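What follows is a short report on a single structure.
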Amino acid sequence: MLLATLLLSVPARGEDVPTAPVAGANAPATAAPVADLPLALPDPPPSGDVAPGAQAAPVDDPADLYLEALDAWKGRNFAGALSLATKAVNIDPLFGEAWLLRSYAHLRLHEPDRALTSVRLARESERDDVRAAARAFEARLTQDYVRDSISLWTGLGPVVELDYGAPKGRVGLNLGVGVPVWKRLSARAEVQWIALDPGELRVAGSKAAALASWTLPIGGGRWSFTPAVGPSLWVATGQYWADGVNPYVGLRADLDLDVRLTPTLGLYLAASSDVYPAQLADLDWTYTPADVRTGLRLWFWKV
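117 is the number of the first residue of the sequence shown in my numbering; add one for each residue after it.
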């Protein structure tokens, strides 16, 4: 019941779900090496002899400290949750639930290295749910979901054209590549090809764009929103020209939303609009206000 209540009450992301303690179930079969315990070694015993008749100071129950840490976590007091969870593992260095909560708190306090060390100790727990949560959280800490690697994408998308003001739908084939430049800034190149039926009195052809993009991560970075802008070249084809081809130079604005399912594989949905001044002067009866593209995106993660 405590675990279900916690899952409904913690305001953090889905991965940040501490687990509830079970009496007598917080001692793993194999103790972690003392050298691996980060800043949570048991306090040394006091030096000197105890005075006759004096009573030893009472020792806090680590389970009670853990429950207090959970309350602090639910109140978004991450520093307090870290302090209480640390006290719990000081008393019981094999308390897997407290190590797990401690790792969550470290990450919220922007200490990913300490979070990783703590979550690896949580994997030593005897509880299956604690080990499973620790494995998932460790994967989150070790798998990079930022857009700092070369990417390649391809897919199909509908293109809406306005012919004499009437919308016409077409389908384009897209291929693109992205190269990180600096932090969230990337350079992108994308090519789009639209088929033209033989004998059809319309304009089609291929479009190529060179874009500067700025990535805005959403949440933990699995989702990302990326606006981009840059010059575009349209090699138009059709029967309006003697040689069947005419180039136009313009500008493209692009909005891209993607999700990174794994460090190497994801999906994307993008919408863009191109403006070609010379084309509007030559062929003012046709205009493409927007096209939508979707498909697969691959990241060459840490290659």
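All residues carry an ideal CB built from backbone N, CA and C; glycine is no exception. Small disclaimer: the values here were computed from a predicted structure and weren't measured.
- Taking every protein chain shown into account, the CB of L237 has 16 or more other CB atoms within 10 angstroms, so this residue is buried.
- For K284, the number of other beta carbons within 10 angstroms of its own is below 16, and it is reported as exposed.
- For T353, there is no enclosing alpha helix (DSSP H); the residue is found in the beta strand (DSSP E) stretching over W339 to T353.
- Judged by DSSP secondary structure, T410 falls within the beta strand (DSSP E) whose first and last residues are T402 to W415.
- Remark: C-beta atoms of A188 and A197 approach each other more closely than 7 angstroms.
- Three or more Cβ pairs closer than 8 angstroms define a contact, and the region 287-307 falls short of that threshold against the region 241-255.
- By the beta-carbon neighbour count (other beta carbons within 10 angstroms, threshold 16), P405 is exposed.
- Under DSSP, the beta-bridge partners assigned to G288 are G273 and I310.
- If you ignore the 5 residues before and after F194, its C-beta comes within less than 7 angstroms of the C-beta of A221, R224 and L225, all in its own chain and listed in chain order.
- Counting other Cβ atoms within 10 Å of its Cβ, A201 reaches 16 or more and is therefore classed as buried.
- Take W415, set aside five residues on each side of it, and the residues of its chain with a beta-carbon closer than 6 angstroms to its own are S265, S267 and T380, in chain order.
- Residue pairing from DSSP places Y364 in a beta bridge opposite W350.
- In terms of Cα proximity to P343, the closest of E184, D370 and D374 is D370.
- Our two residues, R230 and W215, have alpha carbons roughly 11 angstroms apart in a direct line.
- Closest option to Q395, judged by alpha-carbon separation, among V375, F211, G382 and V361: V361.
- Collapsing the DSSP output to three states places G281 in coil.
- For G294, the pairing in a beta bridge is given by DSSP as S267 and R304.
- Sequence-distant partners of R239 (beyond 5 residues in either direction) whose C-beta falls short of 6 angstroms from its own C-beta, in its chain, are R247 and A250.
- Around the C-beta of W350, 16 or more other C-beta atoms lie within 10 Å, and the residue is accordingly described as buried.
- For G321, same chain residues with a beta-carbon under 6 angstroms away, outside a window of 5 residues either side, are V351, A352 and T353 in chain order.
- The three-state secondary structure of G321, taken from DSSP, is strand.
- Distance from L383 to D374 at the Cβ level is roughly 6 angstroms; contact confirmed, criterion being Cβ atoms closer than 8 angstroms.
- Within the region 173-251, the runs of alpha helix (DSSP H) at least 4 residues long that lie entirely inside it are, in chain order, 178-190, 194-207, 212-224 and 228-238.
- Inside the region 372-401, DSSP marks whole beta strand (DSSP E) runs of 3 or more residues at positions 381-391, from first to last along the chain.
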